[in-house]
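Numbering (this note's numbering), first residue to last: 574 to 845.
See the structure below:
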């Protein structure tokens, strides 16, 4: 089970929606070019800006922005309008936004134009896929840890543009999971429901067009029947009182498999 929360590199090829990880030195040079679109030169330190202009809800504060190496490029909004999505961290953000967000840029020729900050919209381990011949789609692992509960998901990041409001990013959840081992000492299932997904990892392009693949830890119908019948051994440390109709699936008793998600039908099935 991954311990940190999962929420939501730059040599770019927009035409094929390919993603490359930049070398460290060129990345720093590129970071300065990106930071300069919203930060005075005197306030740029490496990949960080100590006082970002146009930071939302700053209320007079000097908000810092540090660009991470998670960045994704594609035609997410419209054909021939490439965007660059860069995850950032900021001390002006709280745990509810996982201490950061997305800095969004548009490409004008060989230069970038800063569009806006979108706090809390960061995804991780994202992949860029062609939606069709004219537009791309960004699919990410997203989630949040709170009081030991890890809620994670595979989400298609939807980009919309409204007059006067600019570009917005919102997750369209394709698969959700909940891991409560750190909070309770065990995962919990409901006996009259199933299956239940606990953990998601290793997001990648799927075997077919418009699909993604993901490793999943889960309880299928058989696992839930066992948990609700004879039951699994209780963990040594348990911090949860079961309600009626609930049962435990402790670590090591979940099943593991790789699944494919069809982005068009939203169907989830074991990978071929």
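Even glycine gets a Cβ: it sits at the ideal position worked out from N, Cα and C.
DSSP puts residue 748 in a beta bridge; with which residues? In the chain shown, counting from the first residue as 1, residue 748 sits at position 175. DSSP output for residue 748 lists 727 as bridge partner(s).
Three-state secondary structure assigned by DSSP to residue 757: Taking the first residue of the chain shown as 1, we reach residue 757 at position 184. Reduced to three states, the DSSP call for residue 757 is helix.
For the beta strand (DSSP E) holding residue 838, just list the boundary residues, first then last. By 1-based counting over the chain shown, the position of residue 838 is 265. Under the DSSP assignment, residue 838 falls outside any beta strand (DSSP E); it carries neither an H nor an E label.
Whose CA, out of 707, 641 and 668, lies closest to the CA of residue 716? As a first step, residue 716 must be located in the chain shown, where it is residue number 143. Taking only the C-alpha atoms, the option nearest residue 716 is 668.
Looking at residue 844: is its Cβ nearer than 8 angstroms to the Cβ of residue 820? As a working mapping, residue 844 is identified with position 271 in the chain shown. As a working mapping, residue 820 is identified with position 247 in the chain shown. Not in contact: residue 844 and residue 820 (Cβ atoms no closer than 8 angstroms).
Among 814, 763 and 743, which residue has its Cα nearest to the Cα of residue 696? The residue labelled residue 696 in the question sits at position 123 within the chain shown. Ranking the options by Cα distance to residue 696, first place goes to 743.
Nearest CA to the CA of residue 705: which residue from 651, 611, 694 and 719? Counting from one through the chain shown, the residue named residue 705 turns up at place 132. It is 651 whose Cα lies nearest to the Cα of residue 705.
Go ahead and pull the three-state DSSP assignment for residue 801. Your numbering for residue 801 matches position 228 in the chain shown. Reduced to three states, the DSSP call for residue 801 is helix.
Does DSSP classify residue 765 as helix, strand or coil? Position 192 of the chain shown, counted from the start, is the residue given in the question as residue 765. Coil at residue 765, not helix or strand.
Leaving out five residues before and five after residue 580 in sequence, what residues of the same chain have Cβ atoms less than 7 angstroms from its Cβ? For the purposes of this step, residue 580 is taken as the residue at position 7 of the chain shown. With a pLDDT of 40 at residue 580, under the threshold of 50, the predicted position of this residue should be treated as unreliable, and no value is reported.
Measuring straight from C-alpha to C-alpha, what distance separates residue 777 and residue 633? On the chain shown, residue 777 is found 204 positions in, with the first residue counted as 1. On the chain shown, residue 633 is found 60 positions in, with the first residue counted as 1. Straight-line Cα distance between these residues: approximately 41 angstroms.
Indicate whether residue 730 and residue 748 have their beta-carbon atoms separated by less than 8 angstroms. The count along the chain shown starts at 1 and reaches residue 730 at position 157. The count along the chain shown starts at 1 and reaches residue 748 at position 175. The answer is no: Cβ separation not under 8 angstroms.
DSSP on residue 616, reduced to helix/strand/coil? Counted from its first residue, the chain shown places residue 616 at position 43. Here residue 616 sits in helix by DSSP.
Residue 763, buried or exposed, once every other Cβ within 10 Å from all chains shown has been counted against 16: Position 190 of the chain shown, counting from 1, holds the residue named residue 763. By the neighbour-count rule (16 or more Cβ atoms within 10 Å), residue 763 is not buried but exposed.
Check whether the Cβ atoms of residue 791 and residue 769 sit closer than 8 angstroms, and answer yes or no. By one-based count along the chain shown, residue 791 stands at place 218. By one-based count along the chain shown, residue 769 stands at place 196. Yes, the pair counts as a contact, with Cβ atoms nearer than the cut-off.
Is it buried or exposed for residue 796, if we count other Cβ within 10 angstroms and need 16 for buried? Against the chain shown, residue 796 aligns to sequence position 223. Residue 796 should be labelled buried.
8 angstroms Cβ cutoff met for residue 625 and residue 638: One-based indexing of the chain shown puts residue 625 at position 52. One-based indexing of the chain shown puts residue 638 at position 65. In contact: residue 625 and residue 638 (Cβ atoms closer than 8 angstroms).
Enumerate in chain order the residues of its own chain whose CB-to-CB distance from residue 635 is below 6 angstroms, with the five nearest sequence positions on each side excluded. Mapped onto the chain shown, residue 635 falls at position 62. Excluding positions up to five away in sequence, the list reads 624.
Counting only the same chain and skipping the five closest in sequence on each side, list residues whose C-beta sits under 7 angstroms from that of residue 830. Position 257 of the chain shown, counted from the first residue, corresponds to residue 830. 789 and 843, listed in sequence order.
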